[in-house]
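Chemist: For the sequence shown, the positions run 1 to 408 when UniProt numbering is used. C-beta atoms are modelled at their ideal positions from N, C-alpha and C, and glycine is treated no differently.
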Amino acid sequence: MFTFLQGNVVRTGQSGHAYVFDAMSGETYIFNRPMIKGAQSQVQLVTNIRTHEVVVQKVSKRKPTIKDGYDLAKVPEDNEVRILDHLNALVLNPVYDLPSVTPRWSTCISHEKIAVESRGRRPKIQCLQISYWKFCNANSVASVFSNWCAGHMANDMEGRLFPAGSEAVYHCDLHMGNIFVHYDEQSAKDGLPDFYIGDFGWACTASESLAHSEASHDDRGRKYLHPGYSPPFTSSSPFREPTPGAARPGERRRWDVDRLIGGVWQLERHTVLPWTNAWTMKPASPPPPSKQAEGLQRLMRMIKFVDAQDETMAARNPRSRPPSLVEVVREARKLEASALRAERGTIDFEMFSKWGQTKLAQSKEEAPFVFPSENRGAPFQIQELRVARAENYGNTNIEGPWTLVNSE
């Protein structure tokens, strides 16, 4: 564990320099490690110094120029935060009240907009958008493949895709890498992780998608930017290249179901069909399908049917509400139950459960990153040089308004 001692000193058990963030929520976070640089934000792992909770910090790459701090309120909200606020409001006032369905999307702990001065020969004031999210400690479904896992994932995911208010909310990037897996103490005991849809940076409502679709293909050939990638605050022109997957005029964006089908097919390919090397091995004869494999194939057929139904409805009326996924969710729950009965107690299931316990244990061992310092008694000039190197490391590798503190 670690705590602040006094002044700018934090106790981590390592001698050197650490990087901390003072959030507007009043919490202080210490930098652990970088995670990924996405199209819209840099993702970093940090730890709350007060609660010792490991969380994900997202720093938006979109940094609009502003005159001063008073202009922060004029900068549009980060699209991912905006969509999640919309979804959370729907949970409180659902169109279809389904008490048995639990929301399964990423949890935003806090978000903020701050004014910072850019580095360079011509510094300017920029708006920096930072958000803190619950950390899912077992990566994503892209790294987890099993039959029961497919059913449990579909149960968790699709349960919140259909009661989306008076119009649909499109994720627009729903692949297996954006469905996160998390183990808590209960999950480690029964082997059942939780699944959460994450990364809503490209998300939009159906009406926004339709408007974008029409503007992307108007007679003038101008491209209107999707809400998830809005133009700079100071830009005079709102037109840019369209978001990948922009539908033709009069059609809604339908990537969500298409990509979900592709992900479930990947699960089937890795768990049902025998593996062969196309270059050195003859195709193997498929084994007799198990009941859980048949259930997975049946679930895929249902999803494809709903997808075709949605395509027909969209062609007749672009503003129509997408078909309900209630029956798909029920089928997913049946698949989960049957697969668990068949696989619980098997060697593979026990190995997967141990893997989940390992992921949980590893998440508890996340430690702050400490830039090493000189030994005590080193000349002052050498100590200053090491501080300068620590600052240079932070400027190069860490996003956001961090502060360098001493660690011991």
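Going by beta-carbon coordinates alone, are T12 and E366 separated by less than 8 angstroms?
Modeler: The residue labelled residue 12 in the question sits at position 12 within the sequence shown. The residue labelled residue 366 in the question sits at position 366 within the sequence shown. Contact flag unset, no.
Chemist: Which residue comes first and which comes last in the alpha helix (DSSP H) that contains D310?
Modeler: Numbered from its first residue, the sequence shown carries residue 310 at position 310. From DSSP, the alpha helix (DSSP H) with D310 extends over 291-316.
Chemist: Cα separation between F195 and H182?
Modeler: Mapped onto the sequence shown, residue 195 falls at position 195. Mapped onto the sequence shown, residue 182 falls at position 182. The alpha-carbon atoms of F195 and H182 are separated by roughly 6 angstroms.
Chemist: Looking at the strands, I want to know which residues DSSP matches up with V169.
Modeler: In the sequence shown, counting from the first residue as 1, residue 169 sits at position 169. For V169, which the question treats as bridged, DSSP gives the partners T205.
Chemist: With three or more beta-carbon pairs closer than 8 angstroms as the criterion, would you say the segment 67-77 touches the segment 86-93?
Modeler: Output reads no: the segment 86-93 does not touch the segment 67-77.
Chemist: Taking the continuous alpha helix (DSSP H) assigned at F349, which residues delimit it?
Modeler: For the purposes of this step, residue 349 is taken as residue 349 along the sequence shown, with counting starting at 1. First-last of the alpha helix (DSSP H) with F349: 347-364.
Chemist: I'd like to confirm the pairing. Which residues does DSSP put opposite Q57 in its beta bridges?
Modeler: Position 57 of the sequence shown, counted from the start, is the residue given in the question as residue 57. DSSP, once it has assigned bridges, lists Q44, Y132 as partnering Q57.
Chemist: Answer yes or no: do P288 and V306 have a C-beta to C-beta separation smaller than 8 angstroms?
Modeler: If you number the sequence shown from 1, residue 288 lands on position 288. If you number the sequence shown from 1, residue 306 lands on position 306. Not closer than 8 angstroms, so no.
Chemist: CB Y132 to CB A23, shorter than 8 angstroms?
Modeler: Taking the first residue of the sequence shown as position 1, residue 132 is located at position 132. Taking the first residue of the sequence shown as position 1, residue 23 is located at position 23. Against a cut-off of 8 angstroms, the Cβ pair of A23 and Y132 comes out as a contact.
Chemist: Just how far apart, CA to CA, sit R33 and F369?
Modeler: Against the sequence shown, residue 33 aligns to sequence position 33. Against the sequence shown, residue 369 aligns to sequence position 369. Each residue's alpha carbon lies about 6 angstroms from the other.
Chemist: Assuming A115 and I125 make a contact with CB atoms under 8 angstroms, what is their CB distance in whole Å?
Modeler: What you label residue 115 is simply residue 115 of the sequence shown in a count that begins at 1. What you label residue 125 is simply residue 125 of the sequence shown in a count that begins at 1. Contact flag correct, Cβ pair sits at about 6 angstroms.
Chemist: Please check the pair Q57 and I130, which I expect to be a contact at CB under 8 angstroms, by giving their CB distance rounded to whole angstroms.
Modeler: As a working note, residue 57 is residue 57 in the sequence shown. As a working note, residue 130 is residue 130 in the sequence shown. Contact flag correct, Cβ pair sits at about 7 angstroms.
Chemist: Please work out which residues of its chain come closer than 7 angstroms, Cβ to Cβ, to V81, disregarding the five sequence neighbours upstream and downstream, and give them in chain order.
Modeler: As a position in the sequence shown, residue 81 is number 81, starting the count at 1. Cβ neighbours of V81 beyond the five flanking positions: C108, H111, S131.
Chemist: Determine the extent of the alpha helix (DSSP H) in which K334 is found, giving its start and end residues.
Modeler: Stepping through the sequence shown from its first residue, residue 334 is reached at position 334. It spans 326-343 - the alpha helix (DSSP H) in which K334 sits, taken as one unbroken run.
Chemist: Would you list the residues sitting across from H17 in a DSSP beta bridge?
Modeler: Within the sequence shown, numbered from 1, the residue matching residue 17 stands at position 17. Beta-bridge pairing links H17 to F371, N406.
Chemist: Exposed or buried, what is N399 when buried is set at 16 or more other beta-carbons lying within 10 Å of its beta-carbon?
Modeler: Here the question's residue 399 lines up with position 399 in the sequence shown. The residue asked about is misnamed: residue 399 is Glu in this sequence, not Asn. By the 10 Å Cβ count, E399 comes out buried.
Chemist: Thinking Y19 and F31 are a contact (beta carbons under 8 angstroms), I'd like their distance in whole angstroms, please.
Modeler: As a working note, residue 19 is residue 19 in the sequence shown. As a working note, residue 31 is residue 31 in the sequence shown. Rounded, the Cβ-Cβ distance is 4 angstroms, consistent with contact.
Chemist: With D85 as the anchor, note down where its alpha helix (DSSP H) starts and where it stops.
Modeler: Taking the sequence shown and counting its residues from 1, the one referred to as residue 85 is at position 85. D85 -> alpha helix (DSSP H) spans 79-92.
Chemist: Find the nearest neighbour of residue 434 within the set K134, F4, D310, judged by alpha-carbon distance.
Modeler: What is shown of the chain runs 1 to 408, which leaves residue 434 out entirely.
Chemist: With a threshold of 16 other CB atoms inside 10 Å of the CB of G26, please say whether the residue is buried or exposed.
Modeler: Numbered from 1 along the sequence shown, position 26 holds the residue referred to as residue 26. Classification of G26: exposed, given that the 10 Å Cβ count is below 16.
Chemist: What number of angstroms, rounded off, separates the C-alpha of residue 413 from the C-alpha of A342?
Modeler: With the chain covering only 1 through 408, there is no way to say anything about residue 413.
Chemist: Here's the rule: buried if 16 or more other CB atoms are within 10 angstroms of the residue's CB, otherwise exposed. What is S373?
Modeler: Here the question's residue 373 lines up with position 373 in the sequence shown. Buried, by the Cβ-count rule.
Chemist: Just how far apart, CA to CA, sit S60 and G201?
Modeler: Mapped onto the sequence shown, residue 60 falls at position 60. Mapped onto the sequence shown, residue 201 falls at position 201. Near 10 angstroms, if we compare the C-alpha coordinates of G201 and S60.
Chemist: Compare the beta carbon distance of S106 and F180 with 8 angstroms and say whether it is the shorter of the two.
Modeler: Sequence index remark: in the sequence shown, residue 106 carries index 106 (1-based). Sequence index remark: in the sequence shown, residue 180 carries index 180 (1-based). Contact flag set, yes.
Chemist: In angstroms with no decimal places, state the Cα-to-Cα distance between Y29 and I49.
Modeler: On the sequence shown, position 29 is the one that residue 29 refers to. On the sequence shown, position 49 is the one that residue 49 refers to. Near 6 angstroms, if we compare the C-alpha coordinates of I49 and Y29.
Chemist: Is the beta carbon of N8 less than 8 angstroms from the beta carbon of V387?
Modeler: The residue labelled residue 8 in the question sits at position 8 within the sequence shown. The residue labelled residue 387 in the question sits at position 387 within the sequence shown. Their beta carbons are not under 8 angstroms apart, which means N8 does not touch V387 by this criterion.
Chemist: S140 and N178 look like a contact to me (Cβ under 8 angstroms); what is the Cβ gap, rounded to whole Å?
Modeler: Residue numbering aside, residue 140 sits at position 140 when the sequence shown is read from its first letter. Residue numbering aside, residue 178 sits at position 178 when the sequence shown is read from its first letter. S140 to N178, Cβ: 7 angstroms. Contact.
Chemist: Going by DSSP, what residues sit across from S110 in a beta bridge?
Modeler: What you label residue 110 is simply residue 110 of the sequence shown in a count that begins at 1. In DSSP, S110 forms a bridge with Y132.
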